[in-house]
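From first to last, the protein sequence lines stand for chains A and B. Sequence positions in the first sequence follow my numbering and run 1 to 576. Sequence positions in the second sequence follow my numbering and run 577 to 1660. In this text, a Cβ means the ideal position worked out from N, Cα and C, and glycines have one as well. As the structure is a computational prediction, the values presented were derived from the model and not from experiment.
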Amino acid sequence: MKKFNVVLMTLLVIFFISCSDDFLNKNPLDTFTNDNFWTSENNVSGYANTFYENFLGYGNAGGAGNFYFKTLSDDQAGNEFAQWTYINVPASSSTWKNGWIEIRRANILLENVDKVPMSDAAKNHWKGVGRLMRAWQYYQLIRAYGDVPWIDKSLDITDEGYLYGPRNNRDEVMNNVLADLNFACDNMYDNTSKITLNRNVAYAMKAEICLFEGTFRKYRNASDGQSAPDLTGSRNFLTQAKNAASYLMGKGFSLNASYQGNYNSVDLSKNPEMIMYKPYKLGVLQHSTIDYTCSSTQISGMTKNAFESYLFLDGKPASLTNLDNTDAAEFKIGTKVVAGQTVPDTILSITKILSLRDKRLVQTLDTALCYVGRGFTRFGVGMSMTSSTGYGICKYDNKDIPVQYRNQTNSNYTHAPLFWLAVVYLQYAEACAELGEITQDDLNNSINKLKDRAGLPHLTVDVGFSDPANNMEVSDLIWEIRRERRCELMFDNWTRYWDLIRWHQLDKLDSSQHPDILLGANIVNDPYDNAVPRVGNYIDGSKGKTRIYEPKHYWYPIPSDQLSLNPQLGQNSGWQ
Amino acid sequence: MIYKKQMSMNKKMIFLLFLFSLSIGITYAQTRVTGRVIDEVGEPVIGASIKVKGTTVGTISDNNGNFTLIVPENAKTLIISYVGMKTQEVPVAPNISVVLQSSTEILEELVVVGYGTQKKENLTGAVSTVDVSKTLEARPYADVSKALQGVVPGLSVINSSGKLGAQPEISIRGLGTLSNKEKSKPLIVVDGVPMEDISLLNTQDIQNISVLKDAASTSIYGTRAAFGVILITTKSAKRVDHVTLNYTNNIGWETPTILPNYPDVPTQIRALMVANNRAGFPNELFGMYLDQMLPLAEKWGKDHNWKKSGYREMILGEDFVLDQNGVGSYFADWDVVNIMFRKWKPTQSHNISLEGTSGNTSYFMSVGYNHDEGVMEYYPEKMNKWTTTLNITTDLRKWFQIGARLNFTSKDFKGPATRRTTYQYLWRWGSFFGPYGTYQGIDFRNDIAYRKQAGDWIDNDGFNRLGTFAKLTLAKGLTLNADYTYNIENYNYKAAYIPVTVWDSWGGKIDKPATLSTTTDVEQESRKNKSFAFNIYGNYKLDLANVHHFNFMLGANAESGEYYSHFSERQSLLDPKMPEFNLATGDQLVSGSHTHWATAGYFSRINYDYKGIWLLELNGRYDGSSRFPSNDRWAFFPSGSVGYRISEEPFFTPIKEVISNAKIRASYGEIGNQAVGDYMFIPTMTKVANTNVHWLDNNGVIVVQYNMPTLVSSTLKWERIQTLDLGGDFGFLNNDLNLTFDWYQRTTKDMLAPGKTLPQVLGADAPYVNAGELRTRGWELSIDWRHLFNDLTIYANASIGDFKTIVMKWSSDIKLLNSYYNGKVYGDIWGFETERYFTKDDFNADGTYKLGIASQKGLEQGNFVFGPGDIKFKDLNGDGVIDGGKGTADDHGDLKVIGNSTPRYQYSFRLGGEWKGFDLDMFFQGVGKRSIWTQSAFVMPMMRGADAIYANQTSYWTEDNPDPNADYPRMYPGNAGRGTIAVLDLGNHNFYPQSKYMVNMAYLRFKNLTVGYTLPKKISDKIYLQKARVYFSGNNLAELINKSIAPVDPEINDVEAGVSLGNGTWGRIDPMCRTFSFGFQLSF
């Protein structure tokens, strides 16, 4: 009996031993692995969907977006945002880090597409997506850092040559970027979806990147720690930019009737101007751009300098116009309802001022000024808003949306434009002008359509006047094209800052040379002695702050942690 | 619990008895024995065990100390034992009277070790036992892990918040690996089977806890035991002669230990204004203009005699005003602490257990109940725990015992599903801004409203454990044990998020109440964790010539587990009061997870002792884990230990009066570590969580995204943990005084480390590699003293342990201070040494530094410029510039190690005694050295922005009062960002990590006081009770040492869930509490 037990137990143990190796095989159940993922186009598409996180648009949830929030420019003055991105060499930088993550993501896609059973057209499309996204990331890195290492494979920890190697010359890397862009333009799916990466988006990116590169190579200056101008390269990129823009102008897009409609719409899918936009949806994906431009958190308002860049309806700047060119807001007395009671109300109105200017301005700014001591509520109820410069920003707001979806963080659901026809028109006109071969037809087919929408007379090749404010040493035509770009894309996508970089005009952000980039509205008519700081009649938007330009600001500094890890990277000029 | 071990045995007699016991089932030859057991003073000993030597036949004495036992005819000897008394052997006679001597000898204890027990005197490994009766019995602890704090040297139990149900972090001998998110958890084995969450145990069911600390003791459990083992045995069904019913309860009240507070409102406003003015920020907070509020706040203070207000209806014009837009300015000073926190919160627990024997079957059953609550006044969280246990053992044959253990625990929690974190917002702004009153009966936008109006968060954790075991005696000295246990844990929660209607004091117009967070949704999640464990092991005991004692053990173990979770959410409730999926119409969301694992192992152990003088133990385990790739799944890990009991040598006899026991021991072993995280060896491509996806498809649905494959090194191996332990056990004065000392060194070889820091051009997190080596050296000392003076027993014990962990090897030579490097002491914090505040004299008229004053220009960011009143750091390298050099250990500029976050010198001591039924026990526990960089707004004012200052922050440098001895520098809002030195922790401007604002976390606290009175037996007998005791027990009664500059409990070290540490939020979490409790214990 007992012996039987012993035998039985022994047998059990032996059985147990024999099955144990299988017993320990436990592969992941609820996640793919690199070995079983690359099996269908659907999976590839899911992988590539992660690239969409690169398009911030109006931001996600409570976070900042790329419109309005990027205030380092001469367009906005504010208390907290007036300074350069870097004063000292930073310890670390997410701009640097995230760029390389995205480049790895693209390289992994490129290395695996051929494994997936799908048609050659499909393979080429997804390779196009990978190369387009790699180009896009390099563009972001290069315009910030200049020279960067060129990495076209997913690195392993053993790839020390890449990991610890020096940076490549930016021009050389940009040539690689152009090859990536051309591959994407030739091979990506040509469809009309406005929320997926397709051939149109590839061309839109190509136009933007090539215009950047063409103008950058033309205007850069060896004395500011950059290479000497490269006019041949410049012509090549400008031509590529012009052709890419031209391609898109022939793809059936047309301007949306309303300028503001590009920015405050809850549905951009039907907007004929959109090439690609970022969708939001109530309860699913929301942003806070409207809230931050109407809540009690002080708005970083428009500067006097930006305000004055808008033309009057006669097509002339303030110094030349025949219209009333005062910028002093009017003091008005009205009534409003407070706690159920009708009480007197006073406002400083700029309704009349706006009515004489570029129609885009009234779609960008509130008609009443608001500042410390003079709060303003756009909806008549709720938050009392103030602006650092007095100018409230209404460009992104939409009065048709219930108030509770406008005045709280992570509650706004308007769609964000990413690539759209107006930008293409501006690129086309600028590329033609910079190539020195612009015709009146070119203007009429591009930015004069924007002028029509803005209620302004057409621009002619021979401008007909010279704006005394032209401080960029460029022709009247190029100055007007740049003005058009500034006004059309006011507060959008941090465009202005990077424009100043590529035009080699970064010194325009120096507040000691250009004090009106820190000033705001003319409040001489406000009878109350509010505590708001002023310079003369104008609000001091940044209260005593200064921003001093140095040539080193053309480049971001390489973060010091990366330099410690790889001294071969070398620091950018002026940051040593 | 202590098992008594019989004295030296006659081999032949045992053999005969053994044979006899085998035949007993057939012959049934019997003799009747009656007797009485009394103690030295003639009192009956109740519950003494009377056993026929060499058999399981036995009984226990009754209330009068009497017993009757039918013994086999051939029985020669009875063994009489009782806890705390010397065991006696007496010859079998029809009538026996036994006087048991009380024993202070604890050497004869049997200690529970892996897969068995061992005589304490023969132990050669580093094993500590917990005095369960003084640690858990009738103490106000619902969670056994919290009660273990400080009771065993080398066992760290670190609480970091007072959150209801929060579990402390447990570790043995500190951190053992930098992999697995720098966690090295001990293996917790309950009744032979691993258990993750021991808060689900009934503390009153626990009989016995052993802590195995060195590799020689733990290696029998294999790769999960690399960092120590806690062995818990619950009360089992054992043979008793009559049914006993026990009832114990504990009713308590708890109050927060230490809470922050605010100074008066004008003081707060002035500080905010000073900071805003310096930065050029508007003096505005949610539409309130601080400069305009200041005179109003001053008037309010005077009108109210500077007394803070309770929660009440607010008066417009007196407590707040409205501006032209109807936006309020709130300047009343609210007593936030008393409004928001409960002065006392109740707790209680009850426990009933029943044990008895019927025929060959014994049973133990118990039911326990705990109730605990949160500290918030409004919608306090509530937790109820029910535990039930049923243990049955039956002797099928004399040589074949089987049994079953059934446990069921249900833990219910109910709290508010708040739409914002409570403590973060409670402490974020000043005491004027809630505001904490009502207007027209409606609350403002504060935590009162958010909690009062919150939906319910209800969760339930149900844990079942079903175990069976068998024990066979196959031949003389040969036993076989097998057990199989199935665990299943089902957790689910349900939460309803509903709108909150308030006066919107965040800059809103006070016209009609605003509805915030207008969306509604119901969420539900269920998690199922099931696992089984199977053990089989045989034991063979062999004594040769009565001098060579062998014990051989051989066994196998297999465990496997599977985990599922499922989460669902649906928006737009039809009725917020009825949060059900069927009554919601909006978008729905589902997610889940599914994982599995398995381990298996074969183990063996050989024990040998020579005359009880020389001791040897060898262990080996061949172990496999599903966490490793198939080609590297199995590995063999050996260990061994030796001991020398010099006190048993004949030559030692002359001094045995003084040194009654002396043993020295040494052990060494190597264990593989499998706890390196899931799927460390497979490049997984996870789906991006929906909450991190920010793109929609044409239908407005979140798109699918996949992460890049994780970067995995192809050369990974097991981590090997090698432990050397040298120790000694000594007894003095007839073992009244005992001392145990251990020194150890634990080396983690081939440590899987979170990669070396690689340049970011890699584009991925550095993969784990076997690059590191970690070494911990430490020591532990415990001293016990106990003495009996007539009817007064006094005891005292103390223990202390310390260790230091050093990174011995690292693959990178760069030695970045924020990474690891060869020679780095784990937990070291780098920062500047604070010298003083700058004065005007340090600067030239144009703001540049005067000659000889080290420049801090390189530390400036944004608009902050160092000037008079700001922190001046010490120019440690004398180069005239304050910087961090290259940020490496070789070139660290002016940085130095300003503290270490590892708790050092963890110590405790206990004093107590018993006298005529009264008992007193005092337990003190502390940490000798520890400091942390908190980044907290409680510690440094205005870390996030000009939000608030606290009562401890009123002394600061101002231009009007440039006090060089002020607690804080010149105010500046927003200092929680990263400074210009990459390798430093968060904090910039004046609050770079630095010596002055480190928080000293050393403390000594009066952890527990228990006073009890047991009714004399004569009285309790009359009311038919075996035992009756009443007691008071208090926890965390006082802090005897606390030098923290943070206005929170010295154990607090956490932030509220969902809040980022980077925003100065450290310490904004549920406070720790003091407990005052009463109860009684009855045995029927």
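Would you say residue i lies against chain A (beta-carbon separation less than 8 Å)?
i                       : result
residue 576 of chain B  : With chain B covering 577 to 1660 only, the question about residue 576 of chain B has no answer from this structure.
residue 1334 of chain B : yes
residue 648 of chain B  : no
residue 858 of chain B  : yes
residue 1209 of chain B : yes
residue 1343 of chain B : yes
residue 1143 of chain B : no
Note down, in chain order, every chain A residue with its Cβ under 8 Å from the Cβ of residue i.
i                       : result
residue 1136 of chain B : 23
Going by C-alpha distance, which of the options is nearest residue i?
i                       : options                           : result
residue 1618 of chain B : B:1611, B:1627 and B:1239         : B:1627
residue 1196 of chain B : B:1214, B:1277, B:689 and B:897   : B:1214
residue 354 of chain A  : A:539, A:311, A:141 and A:396     : A:311
residue 1170 of chain B : A:552, A:157 and A:27             : A:27
residue 1206 of chain B : B:670, B:1255, B:1071 and B:1224  : B:1255
residue 102 of chain A  : A:498, A:131, A:115 and A:126     : A:131
residue 861 of chain B  : B:1203, B:1212 and B:903          : B:903
residue 914 of chain B  : B:1366, B:829 and B:884           : B:884
residue 1132 of chain B : B:1157, B:1198, B:1009 and B:1078 : B:1198
residue 358 of chain A  : A:368, A:136, A:335 and A:323     : A:323
Check the Cβ of residue i against every Cβ in chain B and list those closer than 9 Å, keeping chain order.
i                      : result
residue 53 of chain A  : 1264, 1268, 1269, 1270, 1271 and 1281
residue 319 of chain A : The premise fails here: residue 319 of chain A is roughly 32 Å from chain B at the closest Cβ pair, so nothing lies under 9 Å.
Hey, would you say residue i sits closer than 8 Å to residue j, going by beta carbons?
i                       : j                       : result
residue 968 of chain B  : residue 937 of chain B  : yes
residue 1500 of chain B : residue 1580 of chain B : yes
residue 1321 of chain B : residue 1296 of chain B : no
residue 1514 of chain B : residue 1622 of chain B : yes
residue 472 of chain A  : residue 479 of chain A  : yes
residue 333 of chain A  : residue 393 of chain A  : no
residue 420 of chain A  : residue 275 of chain A  : yes
Determine, using beta carbons only, whether residue i comes closer than 8 Å to chain B.
i                      : result
residue 163 of chain A : yes
residue 108 of chain A : yes
residue 37 of chain A  : yes
residue 418 of chain A : no
residue 83 of chain A  : yes
residue 348 of chain A : no
Under a Cβ-count criterion, where at least 16 other Cβ atoms within 10 Å of its own Cβ denotes burial, should residue i be classed as buried or exposed?
i                       : result
residue 705 of chain B  : buried
residue 604 of chain B  : Low local confidence applies: a pLDDT of 45 at residue 604 of chain B is under 50, so the model's placement there is unreliable, with the coordinate-based value given in what follows. Residue 604 of chain B is exposed by the Cβ-count criterion.
residue 1154 of chain B : exposed
residue 787 of chain B  : buried
residue 173 of chain A  : buried
Which residues in chain A have a C-beta closer than 7 Å to the C-beta of residue i? List them in chain order.
i                       : result
residue 912 of chain B  : By Cβ distance, chain A contributes nothing, its closest Cβ being about 22 Å from residue 912 of chain B, past 7 Å.
residue 1163 of chain B : 283 and 284
What does residue i reach in chain E if we use C-beta pairs closer than 7 Å?
i                     : result
residue 47 of chain A : Judged by its chain identifiers, the structure shown contains no chain E, and its protein chains are A and B.
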